[in-house]
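Under UniProt numbering, think of the first position of the sequence shown as 1, with each following residue one higher. Just so it is clear, CB atoms sit at the ideal spot from N, CA and C, and this is done for glycine as well.
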Amino acid sequence: MTKLTPMMEQYRAIKEQYPDCILFFRLGDFYEMFFEDAEIAAQILEIVLTARDGGSGVKVPMCGVPFHAADTYISRLIAKGYRVAICEQVEDPALTKGLVKREVVRVITPGTVVDVSMLEAGENNYLVALAENESAIGLAVIDVSTGDFQATEVSGPEASSLVLSELYRLRPAECLIPAWTQRESILYEFTEKFQNSVVTEMDPTYYQYAWAEAKLREFFEVEDLVELGLESCPAAVIAAAVIVAFLESTCRAQLKHLSRIRTYQPREYLGLDVNTRRNLELTRNLKDGKREGSLLAVIDCCRTAMGRRLLQRWLEQPLVDVKAINERLDAVEEMYNSFSLRERIREILGDVHDIERLAGRIGSGVASPRELLALKNSLINLPAFKALLPEVRTHLLKKILELDTLEDVYRLLDSVLDENAPASIREGGIIKPGCNPEVDELRKLAFEGKEWLLEYEQGERERTGIKSLKLGFNRVFGYFIEVTKPNVHLVPSHYVRKQTLVNAERYITDDLKNYEEKVLSARERLVLLEQELFQVLREEVACHVSRLQEVAGALAKLDVIACLAETAFRHDYVRPLVDDSDVIFVKNGRHPVVERFLGSESFVPNDTYLDDKERRLAIITGPNMGGKSTYMRQVALITILAQVGSFVPATEARIGVVDQVFTRVGASDDLVGGQSTFMVEMVEVAHILKNATRKSLVILDEIGRGTSTFDGMSIAQAVLEHICSHIGAKTLFATHYHELTGLDEVLPGVFNLSVSVKESAGAVIFLKKVIPGRADKSYGIQVAGLAGLPVGVIQRAGEILRSLESKGGVDKVEAINASNVVQLALFQEEHPLVEELKQLELDDMTPLEALQLLYRWREQLVAPSKKGKRNKRGGG
C-alpha cells in the first residue's frame, strides 16, 4: 500500500468523514482539492488540473482556488448540485511545529447557503424536509439565509396534491428524505417531480417521534411542543427536527436567527394546485421558467430585496379571510391616494439594505464588517419611517409604522464600526478611531511612523555627511538605507550591506531593523485586536436578531403595500370590492400581463359576471386566436390579485372570495410518466372534479380534444353536467363543440358567451370582445391561413368544409376527384425553369438578352395557368 505524506494522510482522514462533499482543503492562501474531487472541480470550475506528490513518488490529481475568491467557485459547484466542505487551518502555521491542525468548519449545500453572493436577492432559498406516517404527511421548510422556518402537516385524500402544490410553490433547492425511502413511496414520487432540487437522504433514526420531539424542545429551549404550536402534528415535528439536525451537522456555526418556527395549513390560503400555478404563470413563465413574462414580474416594483421576496409569497399564497384581505386593501388604498406618502416611503426604502438576510448572517456568526456597516446604514432610516405614523389612518399601516427603531443597536454599531469598514476581517481598518485606546496606539505606531523615518533619515545624513542618503522600503528587505556609489567610502562600519545595485548600495542598521520589527509587530497585533473587537460586536448585535427580524418583516410589508399602490397608480388598477358573496363581477377587465406587452391602448377589455344562481357556468365559443384563453386567464388572475389584497386591472370589480382556483388550459404528453396528452388532460380534469367546491373558480379550456370528436364531446358534456349538478363551482368553459351551446336550455345556471369576429372581404378580424350568445362559426380555416399554412392546403380545407356542410356530416362526404385536388407532395418537383436558371452564365449575358429571357419565361408560366382556369370552368 502506498504510504502517503503526513499532509495527504490528514486530507484522506478528513475526506473519509465527508465522502459526499467536495473538500476545500486550506493550504496557506489557497483551498486545494485532491483525487476525484480535483478532477470534478477542475472540469466544472474550468481551472487547471495539476498533480502533487502524494508520497512514495505517487502523483495525486490536484487543483486549487485562492481563498479570497473561493465564494465565486463554491457558488458554481453548489449551482451544479454539489456539497462543499470547508476545511480550515485552525492553528497559526507560524506558531506550529510540524503539521498544522485542520478541521471542517462548515458544509455548504444547495439548501444551506447564507452567502448573499450565491443567492438571488429577490427569491427565497428553501431547504425542505418531508416525513410521513400512517395518516399524514409532514413538511418543514426553512430559508437559512433569513431564518424563516415553517412546518405543516396535511392528511386526507388530497394530502399528496396539497404537498405537491406546496413543493411547486417553494421550489426547494434541497429536499431531505429518509434514506430508506422506497420508489413506491409518495415521498419518492415528490422528489422525482422536482428534479431541480438536490435530494439528500437522512439517517432513518431521525424519523422517530420521541427523538424528534426531544430535539425540537432542546433546540428551541421549550418545555413542551405546545409553545411551538406543534403538539398535534407528529409528522411535522419529525420533518422540523430533521431540518434542525441537518443544520447542526452542516452549518457548524451559531443559529441564533432560528429562534422560532411557525405552523401553517395550506388550506388557510387560496388553493392553487400545481397546474394552476403553472398555467397562470404567477411567478414563472411557461416558455423558459423564468420570471420575465409572469404576473410577478408585471406587478413587482419593490425597492428592497426582502419586499420582493414577500411579494412573491403573497402572490403564491392569496388569502381567503375577507377581513385580512380588506385590511391589506385599505392600506394599499391609503398609499394609492397619497402620492407624497407613497413617494417618501419608497424613497426611504431605497436606502434600506436586506436587513432580513443581514440578520441571518449575523445570527450565523459569519457577517462581515461591511455587512454590519450596511445594517447600521439601514437602521439610521428607521426613525424616518416612524415619523410618518401620525400621517396614516389605516390599521395595517399604523401597526407597521409602530416599529422598533433599534436606536440602541444603531448606537452600538456607530460607536465601534469605522465608516470605511472593509469586506474582510483580515484587512484591519474595522474599528472606529477613538473607540479603543489600544487600537489607536497600535494604529499610530503601525501607520504614522513617517515622522520617525524622516528624522532618522535626516540624522543619518548629518552623521555620515552623505547628502544623497535616503530611506526606502520593499517587501523583500523591508526598510533600508540607499547610498549612491560615489559616496560608498563614507558609509559607517555599522551599516550592513544588504543589496548591490548598478548605481547604489543598500544597507540596514540595528536601529532601522528594530523599528521595522516594532512596526510589523504593531500591524499584526492591530489586525488581531480589531478581529477580536469585531467578533465581540457581532455577538452583541446577534443578541438582537429577533428584533432585527421583526423590523425586516415590517419593512417588507411596507414595501409590498407601497409597491401594489404604485403598480395600481402606474397602470390604472382599481380597488375591488371583496366580500363573502358568490359573485365575480368585473367591468372592463384586462389581462395584467398581456396588457403590459400590448399596451393599454391596444388591449380590448371585457366584462365578467358569475354567481351561484343563473350565471354559474359560462360556455365560451369562438375561433382560436379570438381571445377565449386570455379572457379566462384574466378572470382567474383578477380574482387572485384581489385576494392577495391588490388593486386589479379593471374599471370596477366585485370578488366574492373563492376557496380554490383550478385551471385546465392545455396539455402535453408526459413521456416520462408514460401518459398521452389525452391521459394527462383526463387526470387533471379528474383532480378538479374531486376537489372543487361550490366556492371554487374553475377554468376549463377545450376539454376532450385529445380523442375522437364524439368521445370528446361526450366527455365535455358529462363534465359540464357534473359541475352543474354536483359541484356548483363558478366555471368558465371554452370549447369548439358548438353542440354544447344548447345546454343553456337544459342545465340551470349555464349561459353562453362568445368572442366576436368581423369578416371583411374574405378576411377575418378578431375583435377580442366577449359578448353574450354562441358563436356562429369557428373560423378554423381562416386561422390556419393566418398561421401560414400553404395556399393549397387552405383551398383543399375549404372544399372539404363546404362538402361536409352540404352533405350534413362526415359520413356523407363524397370522394373528390383526385384530378381536381391540389397536389401537395412532401418534396415538390423542381420546375424546369429553375433548372434552366441554374445553368445560366449571367456574367456573359447582355441586358437585352436577359430581358428577352424574362419575357420568354413569363409566357411559359402564364400559359399553363390560363389553360388550367379554362379547364376548371369547363368542368363546372
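Taking only three categories from DSSP, how would you classify Gln499? DSSP, read as helix, strand or coil, puts Gln499 in strand.
Mind checking if Ile715 is an interface residue toward chain B, Cβ cutoff 8 Å exclusive? Among the protein chains of the structure shown there is no chain B, as only one such chain exists.
What separation, rounded to the nearest whole angstrom, lies between the Cα atoms of Val416 and Glu91? Answer to the nearest angstrom: the Cα atoms are 28 Å apart.
Between the Cα of Asn196 and those of Ser259, Ile78, Val298, spot the shortest distance and give me the residue it belongs to. Residue Ile78 is the option with its Cα nearest to Asn196.
Which residue from Arg538, Glu134, Ala650, Lys695 puts its Cα closest to that of Asp579? Checking every option, the nearest Cα to that of Asp579 belongs to Lys695.
List the endpoints of the continuous alpha helix (DSSP H) containing Asp559. Taken as a continuous stretch (DSSP letters only), the alpha helix (DSSP H) holding Asp559 covers 545 to 571.
Would you mind stating whether Ile425 and Phe385 have Cβ atoms separated by less than 8 Å? In this structure, Ile425 keeps its C-beta atom at 8 Å or more from the C-beta atom of Phe385.
For Val483 versus Ile466, is the C-beta spacing smaller than 8 Å? Yes, Cβ-Cβ distance for Val483 and Ile466 is below 8 Å.
As a quick exercise: from Ile355, Val791, Ile794, pick the residue whose alpha carbon is nearest that of Ala121. Closest option to Ala121, Cα to Cα, is Ile355.
Length-filtered (4 minimum) alpha helix (DSSP H) runs lying within the stretch 171 to 232: Counting whole runs of 4 or more residues, the stretch 171 to 232 contains the alpha helix (DSSP H) stretches 186 to 193, 209 to 220.
Contact set for Thr707: own chain, Cβ-Cβ below 7 Å, skip 5 residues either direction: Excluding sequence neighbours, Thr707 sits near Phe678.
Gln823, DSSP secondary structure in three states: The predicted model places Gln823 with a pLDDT of 42, which falls under 50 and marks its position as unreliable; any figure quoted below should be read in that light. Coil.
Which word fits Glu427, buried or exposed, when buried means at least 16 other C-beta atoms lie within 10 angstroms of its C-beta? Label assigned to Glu427: exposed.
N- and C-terminal bounds of the beta strand (DSSP E) containing Leu127: Run containing Leu127: 127 to 132, per the beta strand (DSSP E) assignment.
Helix, strand or coil at Gly792 according to DSSP, with G and I counted as helix: In the structure shown, Gly792 sits in a helix (DSSP, three-state: H, G or I).
Determine the burial state of Gln643: buried for a count of at least 16 other Cβ atoms within 10 Å of its Cβ, exposed for fewer. Burial state of Gln643 is buried, judged by a 10 Å Cβ sphere holding 16 or more other Cβ atoms.
Residues near Asn820 by beta carbon distance below 6 Å, same chain, minus five either side: Because Asn820 sits at a pLDDT of 43, beneath the cut-off of 50, its placement in the model cannot be relied upon, and the point is left open.
Got a sec? Which residues, its chain only, sit under 8 Å from residue 956 by beta carbon, not counting five neighbours each side? The structure shown does not extend to residue 956, since the chain is modelled only from 1 through 876, so no value can be given for it.
Look at the alpha carbon of Asn377 and the alpha carbon of Tyr609, and state the distance between them as a whole number of angstroms. Cα-Cα distance, rounded: 51 Å.
Kindly give me the distance between the Cβ atoms of Glu316 and Leu280, rounded to whole angstroms, as I take these residues to be in contact under 8 Å. At roughly 11 Å, the Cβ-Cβ gap does not stay under 8 Å, so Glu316 and Leu280 are not in contact.
At the level of alpha carbons, what is the spacing between Ser75 and Asp115? Distance between the alpha carbons of Ser75 and Asp115 is about 9 Å.
First and last residue of the beta strand (DSSP E) that includes Glu32? Segment 30 to 34, the beta strand (DSSP E) holding Glu32.
Residues in the same chain with beta-carbon distance under 6 Å from Leu641, minus the five sequence neighbours each way, listed in chain order, please. Cβ within range, chain order: Val648.
Take the Cβ of Trp314 as the centre, count every other Cβ of all protein chains shown within 10 Å, and call the residue buried at 16 or more, exposed below. Buried is the call here.
For Ala568 and Pro576, I'd like the C-alpha separation in whole angstroms. The straight-line gap separating the alpha-carbon atoms of Ala568 and Pro576 is approximately 12 Å.
Grab me the residues of Ser751's own chain with a C-beta within less than 7 Å of its C-beta, minus the 5 sequence neighbours each way, in chain order. Residue identity check: residue 751 is Phe in the sequence provided, not Ser. Closer than 7 Å at the Cβ level, and outside the excluded window around Phe751, lie Arg615, Ala618, Asp744.
Whose C-alpha, out of Leu389, Phe35, Glu550, is nearest the C-alpha of Thr146? Comparing Cα-Cα distances from Thr146 to each of Leu389, Phe35, Glu550, the minimum goes to Glu550.
Please give me, in chain order, every unbroken run of the beta strand (DSSP E) with length at least 3 that falls completely inside the stretch 612 to 672. For the stretch 612 to 672, the continuous beta strand (DSSP E) assignments of 3+ residues that do not extend past its boundaries occur at 617 to 621, 652 to 656, 660 to 665, in sequence order.
Between the stretch 224 to 238 and the stretch 125 to 136, do three or more beta carbon pairs fall short of 8 Å? Yes, since at least three Cβ pairs between the stretch 224 to 238 and the stretch 125 to 136 fall closer than 8 Å, the two stretches touch.
Secondary structure at Glu739, three-state DSSP: helix, strand or coil? Judged by DSSP in its simplified three-state form, Glu739 adopts helix.
In terms of residue numbering, what span does the beta strand (DSSP E) encompassing Gln150 cover? 148 to 155 is the span of the beta strand (DSSP E), which, as asked, contains Gln150.
Met713: CB within 7 Å of a non-hydrogen atom of the ligand ATP: Of ligands this structure carries none, so the ligand ATP is not represented either.
Measuring only the C-alpha atoms, how far is Ser803 from Arg796? Between the C-alpha atoms of Ser803 and Arg796 there is a straight-line separation of about 11 Å.
Using a Cβ-Cβ cut-off of 8 Å (strictly less than) and excluding sequence neighbours within five positions of Phe477, which residues of its own chain qualify? Same-chain partners within the cutoff: Lys498, Gln499, Arg506, Ile508.
Relative to the C-alpha of Glu227, which residue among Asp203, Ser259, Thr109 is closest? Looking at the Cα atoms, Ser259 is the closest of the given residues.
Where does Cys724 sit, in a helix, a strand or coil, going by DSSP? Three-state result, Cys724: helix.
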